[in-house]
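Data first, discussion second: the structure below is written as structure tokens.
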Amino acid sequence: MAAAEPKPPVGAAAAGRLARSCWSAFWDYETPKVIVVKNRRLGIVYRAVQLLILLYFVWYVFIVQKSYQDSETGPESSVITKVKGITLSEHKVWDVEEYVKPPEGGSVFSIITRIEVTPFQTLGTCAESMRVSNATCDSDEDCVAGQLDMLGNGVRTGRCVPYYHGSSKTCEVSGWCPVEDGASVSQFLGTMAPNFTILIKNSIHYPKFQFSKGNIENRKDGYLKHCTFHEVSDLYCPIFKLGYIVEQAGENFTELAHTGGVIGVIINWDCDLDLSASECNPKYSFRRLDPKHIPASSGYNFRFAKYYKINGSITRTLIKAYGIRIDVIVHGQAGKFSLIPTIINLATALTSIGVGSFLCDWILLTFMNKNKVYSHKKFDKVCTPRHSSGSWPVTLALVLGQAPPQLYPCSTDPGQAGQLQGEGQSQARAIPPPWPCSTSAPSEQMVDAPERGAGPGLCASEPSQQECVLTDARGLAQL
Numbered sequence: 132m133a134a135a136e137p138k139p140p141v142g143a144a145a146a147g148r149l150a151r152s153c154w155s156a157f158w159d160y161e162t163p164k165v166i167v168v169k170n171r172r173l174g175i176v177y178r179a180v181q182l183l184i185l186l187y188f189v190w191y192v193f194i195v196q197k198s199y200q201d202s203e204t205g206p207e208s209s210v211i212t213k214v215k216g217i218t219l220s221e222h223k224v225w226d227v228e229e230y231v232k233p234p235e236g237g238s239v240f241s242i243i244t245r246i247e248v249t250p251f252q253t254l255g256t257c258a259e260s261m262r263v264s265n266a267t268c269d270s271d272e273d274c275v276a277g278q279l280d281m282l283g284n285g286v287r288t289g290r291c292v293p294y295y296h297g298s299s300k301t302c303e304v305s306g307w308c309p310v311e312d313g314a315s316v317s318q319f320l321g322t323m324a325p326n327f328t329i330l331i332k333n334s335i336h337y338p339k340f341q342f343s344k345g346n347i348e349n350r351k352d353g354y355l356k357h358c359t360f361h362e363v364s365d366l367y368c369p370i371f372k373l374g375y376i377v378e379q380a381g382e383n384f385t386e387l388a389h390t391g392g393v394i395g396v397i398i399n400w401d402c403d404l405d406l407s408a409s410e411c412n413p414k415y416s417f418r419r420l421d422p423k424h425i426p427a428s429s430g431y432n433f434r435f436a437k438y439y440k441i442n443g444s445i446t447r448t449l450i451k452a453y454g455i456r457i458d459v460i461v462h463g464q465a466g467k468f469s470l471i472p473t474i475i476n477l478a479t480a481l482t483s484i485g486v487g488s489f490l491c492d493w494i495l496l497t498f499m500n501k502n503k504v505y506s507h508k509k510f511d512k513v514c515t516p517r518h519s520s521g522s523w524p525v526t527l528a529l530v531l532g533q534a535p536p537q538l539y540p541c542s543t544d545p546g547q548a549g550q551l552q553g554e555g556q557s558q559a560r561a562i563p564p565p566w567p568c569s570t571s572a573p574s575e576q577m578v579d580a581p582e583r584g585a586g587p588g589l590c591a592s593e594p595s596q597q598e599c600v601l602t603d604a605r606g607l608a609q610l
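Residues are numbered in the working numbering as their position in the sequence shown, beginning at 1, plus a constant of 131.
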């Protein structure tokens with residue numbers, strides 16, 4: 132007697148059924164069903180959501196953001212600067228060649244407003260600065276010969292010598308002497324500095340749109356020789372006074388001149404190229420760039436030296452300069468109408484209007500007391516039987532997932548369907564009897580109050596269970 136074949140595990144059979152069900156559902160076609168719900172509050176919510184979405188796209192997306200334009204950011208830019216003016220200190224007159232660093236006229240430059248001068252430095256030995264760590268001493272034993280401090284001013288000789296002033300002592304070093312702290316003299320150059328004039332030439336180019344423009348008016352009457360910048364009357368005269376720049380940045384000039392600082396001159400070119408070129412104008416703004424409220428990183432200073440010979444020995448004057456550094460920063464954006472972003476944003480707007488339907492469906496299916504009735508009315512399933520194709524309308528109907536054309540009209544009476552089946556057994560063998568037709572309409576309505584002869588909240592009756600419905604394909608056959 133042959134052994135019984137082992138049955139497949141229950142889990143494997145369930146997995147197979149699930150896979151077949153998913154594969155069958157993958158080829159289903161879903162189409163929306165229109166149901167009219169007579170509910171004033173829900174209708175107000177629906178129209179309000181649509182109105183908000185419409186206002187967002189019309190006002191913000193298209194008017195404010197100008198999303199119908201193709202845009203380009205970061206124009207190609209060149210900056211040339213020139214400073215003019217003279218000033219006085221306690222000992223001399225200063226001109227542009229001395230207080231502007233570097234002198235090339237680029238987008239970043241410094242104007243010296245205060246200096247600390249250490250004159251007549253020569254190579255020799257002298258006392259180390261007390262600001263250097265471990266520089267103070269009591270005897271030669273506290274100083275190590277040959278020791279080099281990277282933050283110091285030279286190599287230690289091993290001797291402990293008196294400091295430049297006072298009774299303190301520091302280790303002796305070999306280097307440029309005297310050191311900066313021991314013999315520096317402060318000079319203030321900021322007395323006349325607010326009247327310095329700064330010419331800022333700027334040209335921009337947007338390569339995508341082949342558009343170029345500059346910030347100087349094209350005139351031949353010597354306009355730039357007697358004008359200064361004004362936002363309304365002299366927009367294309369980019370000659371600024373240093374005091375005006377500091378004032379617009381919200382700083383005190385005297386304080387800034389003593390400690391130094393960094394001021395940004397920001398030129399913004401936002402151009403709508405759908406308009407004329409005269410509507411594309413520069414906008415200037417000014418602000419301090421260094422963090423003045425953080426003492427460790429506030430201010431601006433640098434050092435440089437001037438070398439010469441006295442009696443054949445090399446001598447230098449060390450200058451620690453405090454000043455106002457000007458950074459000219461150029462940025463902008465240009466836009467011009469383009470069909471592609473316009474179509475994309477219009478399609479996004481039209482699609483987003485459907486959010487109102489999604490929100491109202493969620494409210495109906497979740498919070499309203501008739502959610503089960505609405506769910507039953509909204510979701511239907513249509514099953515189509517398989518038939519052999521004999522002509523192109525039948526083939527087309529089967530490809531589209533529809534029933535083939537019927538020889539008998541679809542009946543709503545099951546008894547009539549049986550009677551039609553009894554007429555002509557030979558024809559009944561070849562042609563199946565018609566199925567009962569569904570009484571549901573393509574568009575249903577739901578109201579708040581129940582009516583006679585209908586279910587609660589329905590205007591038309593429909594079977595309580597999902598039924599298989601044969602669709603009349605005579606219209607499809609006419610394709």
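Note that beta-carbon positions come from the ideal geometry of N, C-alpha and C, so glycine has one too.
What residues match up with residue i in a beta bridge as DSSP calls it?
i    : result
R148 : Looking at the DSSP assignment, R148 forms no beta bridge with any residue, so it has no partner.
D226 : In the DSSP output, where bridge partners are listed per residue, D226 has none listed.
H462 : N399
R287 : V304
Residue i by DSSP, collapsed to three states: which one?
i    : result
G142 : helix
W190 : helix
K351 : coil
K164 : coil
S198 : coil
C491 : helix
T359 : coil
G255 : strand
W158 : coil
S483 : helix
A452 : strand
F384 : helix
S238 : coil
E272 : helix
K213 : strand
Less than 6 Å between C-beta atoms, sequence neighbours within five positions excluded: which residues of the same chain meet that for residue i?
i    : result
E247 : S315, S317 and K451
T249 : E311, A314, S315 and L449
Q181 : I484 and G487
P563 : Here P563 scores only 47 on pLDDT, less than 50, and its place in the model is too uncertain to base an answer on.
L173 : C491
G142 : none
Taking Cβ positions, are residue i and residue j nearer each other than 8 Å?
i    : j    : result
G463 : I335 : yes
G395 : D458 : yes
N333 : P413 : yes
D365 : C358 : yes
Q252 : R434 : no
E259 : G283 : yes
G321 : R245 : yes
L330 : I376 : no
D201 : P422 : no
V214 : I184 : no
S270 : T288 : no
Using the C-alpha atoms, what's the distance from residue j back to residue i?
i    : j    : result
Q379 : I217 : 22 Å
W493 : K169 : 16 Å
W190 : F340 : 26 Å
P234 : V224 : 18 Å
G279 : G392 : In the sequence as presented, Gly is not what sits at residue 279; that position holds Leu. Straight-line Cα distance between these residues: approximately 32 Å.
S155 : L149 : 10 Å
I166 : F510 : 10 Å
L638 : P293 : Since the displayed the chain opens at 132 and closes at 610, residue 638 lies outside it and no answer follows.
G430 : S299 : 30 Å
C308 : C257 : 6 Å
S469 : L404 : 11 Å
S497 : V176 : One point to set straight first is that residue 497 is Thr, not Ser, in the sequence displayed. The alpha-carbon atoms of T497 and V176 are separated by roughly 15 Å.
E348 : S238 : 20 Å
S198 : Y337 : 18 Å
R151 : I474 : 41 Å
T385 : M281 : 34 Å
V461 : S208 : 7 Å
V231 : A324 : 11 Å
E410 : C402 : 7 Å
C153 : A146 : 10 Å
G454 : H424 : 18 Å
N476 : Y187 : 12 Å
L219 : A388 : 14 Å
R290 : R262 : 18 Å
Output needed for residue i: all residues of its chain with C-beta closer than 8 Å, excluding positions within five of it in sequence on either side, in chain order.
i    : result
N326 : G216, K372, L373 and G374
K437 : R447, T448 and I450
K440 : T446
So, at 7 Å on beta carbons, what are the nonlocal neighbours of residue i in its own chain, with the 5 sequence-adjacent residues on each side left out?
i    : result
F360 : C368, P369, I370 and F371
Looking at residue i and the ligand GDP, is the gap between the Cβ and the nearest heavy atom below 7 Å?
i    : result
P338 : Here there are no bound small molecules, and the ligand GDP is not part of this structure.
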